[in-house]
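Protein chains: 2
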Amino acid sequence: MSTASVNFKARQSIEQVEEGNDLAPKFDDRGLITVVTTDATSGELLMQGYMNAEALSLTIATGEAHYFSRSREVLWHKGATSGFVQKVRELLVDDDQDCIWLRVDVSGGASCHVGYRSCFYRRVPVGSSGDVELEWTDTEKVFDPVEVYGDAPNPTKL
Amino acid sequence: MSTASVNFKARQSIEQVEEGNDLAPKFDDRGLITVVTTDATSGELLMQGYMNAEALSLTIATGEAHYFSRSREVLWHKGATSGFVQKVRELLVDDDQDCIWLRVDVSGGASCHVGYRSCFYRRVPVGSSGDVELEWTDTEKVFDPVEVYGDAPNPTKL
Chain P
0 MSTASVNFKA
10 RQSIEQVEEG
20 NDLAPKFDDR
30 GLITVVTTDA
40 TSGELLMQGY
50 MNAEALSLTI
60 ATGEAHYFSR
70 SREVLWHKGA
80 TSGFVQKVRE
90 LLVDDDQDCI
100 WLRVDVSGGA
110 SCHVGYRSCF
120 YRRVPVGSSG
130 DVELEWTDTE
140 KVFDPVEVYG
150 DAPNPTKL
Chain W
0 MSTASVNFKA
10 RQSIEQVEEG
20 NDLAPKFDDR
30 GLITVVTTDA
40 TSGELLMQGY
50 MNAEALSLTI
60 ATGEAHYFSR
70 SREVLWHKGA
80 TSGFVQKVRE
90 LLVDDDQDCI
100 WLRVDVSGGA
110 SCHVGYRSCF
120 YRRVPVGSSG
130 DVELEWTDTE
140 KVFDPVEVYG
150 DAPNPTKL
């Protein structure tokens with residue numbers, strides 16, 4: 000795959016960043032920018048991740064979502080292991096350009112390493128206090144993580 | 000307003016965090032958790048922010064979105080200045096409980112300090128490389144930020 004890269008502009012003024020046409024993303028002190036990924040059809044939130052400059056450039060150039068895995072500390076072409084590649088239908092940037100929104104189509108329909116379609120399969124009851132119990136919004140796994148990932152380490156950190 | 004608080008559980012195992020009913024959020028080394036806020040009706044991404052434990056507890060207990068402002072370093076009841084309060088219709092947590100998804104109704108329909116409905120009003124053309132130009136998806140401001148915020152400092156940091 001060719002790796003044509005994207006030029007990011009230097010951040011020079013609030014007006015340029017908020018009201019201009021320059022792509023001048025703000026990477027944090029770890030070199031990362033926050034990414035929000037929703038299903039382009041249903042609007043459902045699939046996952047929230049991070050990109051470094053290389054991942055953002057590759058995502059724009061190839062149209063397939065690339066992230067930076069904080070737990071594994073590597074560039075991460077989403078779907079390279081599981082097959083659930085995310086095709087980017089639309090890529091947006093927020094007002095101060097420190098967040099990217101990907102609207103994607105997911106082949107196979109799964110985005111969560113636990114096996115669910117979305118990472119967000121539990122709800123906190125609003126209006127409650129004290130001890131709260133999570134409620135499940137999705138109880139059916141789309142795939143078996145053991146079959147797909149084998150004995151790869153679980154990315155969740157306590 | 001009463002400030003009944005919510006008890007968060009200690010994180011003890013991956014199974015508990017990923018597949019249990021305990022609310023055991025992971026706050027980062029700054030004491031913050033990432034929040035993604037979408038319009039409950041349209042599915043549109045309105046903003047991405049952060050909560051500390053107090054903001055998360057208040058959001059759950061009151062049903063109105065509270066954040067922690069990193070630029071101002073204060074608890075932030077969204078809409079306290081602008082009037083654009085976010086009523087939480089659904090609050091979800093992700094697999095490893097380091098991200099919160101709020102599905103909200105916004106009175107007045109604006110969530111962005113620049114004056115747009117959503118913070119995400121510009122698109123990066125996918126499949127491009129080299130110099131890219133942002134494309135505008137929303138060119139009509141819902142409110143005039145100068146009227147609403149007066150001379151309060153702009154939260155965007157370069």
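First to last, the sequence lines map onto chains P and W.
In terms of numbering that gives the first Met the number 0, the first sequence is residues 0 to 157.
In terms of numbering that gives the first Met the number 0, the second sequence is residues 0 to 157.
We treat Cβ as the ideally placed atom computed from N, Cα and C, and that holds for glycine.
Is residue i close to chain W, meaning its C-beta is less than 8 Å from at least one C-beta of that chain?
| i | result |
| --- | --- |
| P/Gly-62 | yes |
| P/Glu-17 | yes |
| P/Gly-149 | no |
| P/Phe-119 | yes |
| P/Asp-138 | Correcting the residue identity first, residue 138 of chain P is Thr in this sequence and not Asp. No, because no Cβ of chain W sits closer than 8 Å to the Cβ of P/Thr-138. |
| P/Leu-157 | yes |
| P/Trp-168 | Outside the shown range of chain P, which is 0 to 157, sits residue 168 of chain P, and nothing can be said about it. |
| P/Ser-112 | One point to set straight first is that residue 112 of chain P is His, not Ser, in the sequence displayed. Chain W contact via Cβ: present. |
| P/Thr-37 | yes |
| P/Gln-47 | yes |
| P/Leu-44 | yes |
From the DSSP output, which residues share a beta bridge with residue i?
| i | result |
| --- | --- |
| P/Cys-98 | P/Thr-33 |
| P/Leu-74 | P/Phe-67 |
| P/Arg-121 | P/Trp-135, W/Val-92 |
| W/Tyr-49 | W/Thr-33 |
| W/Gly-42 | Note: W/Gly-42 sits in no beta bridge, so no partner. |
| P/Gly-129 | W/Val-5 |
| P/Asp-104 | P/Lys-86 |
| W/Asp-21 | P/Glu-132 |
Cβ of residue i within 8 Å of Cβ of residue j?
| i | j | result |
| --- | --- | --- |
| P/Leu-133 | W/Asp-95 | no |
| P/Lys-77 | P/Val-87 | no |
| P/Ala-39 | P/Glu-89 | yes |
| P/Val-125 | W/Ile-59 | yes |
| P/Ile-99 | P/Met-50 | yes |
| W/Tyr-115 | W/Val-141 | yes |
| W/Thr-33 | W/Leu-45 | no |
| W/Leu-101 | W/Ala-64 | yes |
| W/Ser-110 | P/Ser-4 | no |
| P/Pro-144 | P/His-112 | yes |
| W/Asp-54 | W/Phe-26 | Rather than Asp, the amino acid found at residue 54 of chain W in this sequence is Ala. Contact: no. |
With residue i as the anchor, note down where its alpha helix (DSSP H) starts and where it stops.
| i | result |
| --- | --- |
| W/Ser-4 | No alpha helix (DSSP H) holds W/Ser-4; DSSP gives it neither H nor E. |
| P/Val-16 | 13 to 18 |
Output the boundary residues of the beta strand (DSSP E) element that contains residue i.
| i | result |
| --- | --- |
| P/Leu-55 | Unbroken run through P/Leu-55 is the alpha helix (DSSP H), 52 to 61; no beta strand (DSSP E). |
| W/Gln-85 | 85 to 92 |
| P/Val-145 | Note, P/Val-145: premise wrong, no beta strand (DSSP E); alpha helix (DSSP H) at 144 to 148. |
Just to make sure I have the definition right: I need the residues of chain W whose C-beta is within less than 9 Å of the C-beta of residue i. Which are they?
| i | result |
| --- | --- |
| P/Phe-142 | Per Cβ cutoff of 9 Å: no residues; P/Phe-142 is ~14 Å from chain W at best. |
| P/Ala-3 | Ser-127, Ser-128, Gly-129 |
Would you verify that the beta carbon of residue i is, or is not, closer than 8 Å to some beta carbon of chain P?
| i | result |
| --- | --- |
| W/Met-0 | The predicted position of W/Met-0 is uncertain, since its pLDDT is 47 and thus under 50; a value taken from the coordinates is nonetheless stated next. With 8 Å as the cut-off, W/Met-0 does not count as an interface residue toward chain P. |
| W/Ile-32 | no |
| W/Asp-21 | yes |
| W/Val-145 | no |
| W/Gly-78 | no |
| W/Val-73 | no |
| W/Leu-133 | yes |
| W/Val-92 | yes |
| W/Ile-13 | yes |
Show which residues of chain W have a CB atom less than 7 Å away from the CB atom of residue i.
| i | result |
| --- | --- |
| P/Asp-130 | Asn-6 |
If the cut is a Cβ gap below 9 Å, which residues of chain P does residue i touch?
| i | result |
| --- | --- |
| W/Asn-51 | Neighbours of W/Asn-51 on chain P: none; closest Cβ ~16 Å, over 9 Å. |
Name the chain P residues that come within less than 7 Å of residue i, Cβ to Cβ?
| i | result |
| --- | --- |
| W/Val-103 | Going along chain P, no residue has its Cβ under 7 Å from W/Val-103, so there is no contact; the nearest lies around 10 Å. |
| W/Arg-10 | Leu-157 |
Mind listing the chain W neighbours of residue i? Cutoff is C-beta to C-beta under 8 Å, in chain order.
| i | result |
| --- | --- |
| P/Glu-89 | Arg-122, Val-125 |
Give me the chain P residues within the contact set of residue i, using Cβ-Cβ distance strictly less than 8 Å, ordered along the chain.
| i | result |
| --- | --- |
| W/Asp-28 | In chain order: nothing, as chain P lies at least about 11 Å away. |
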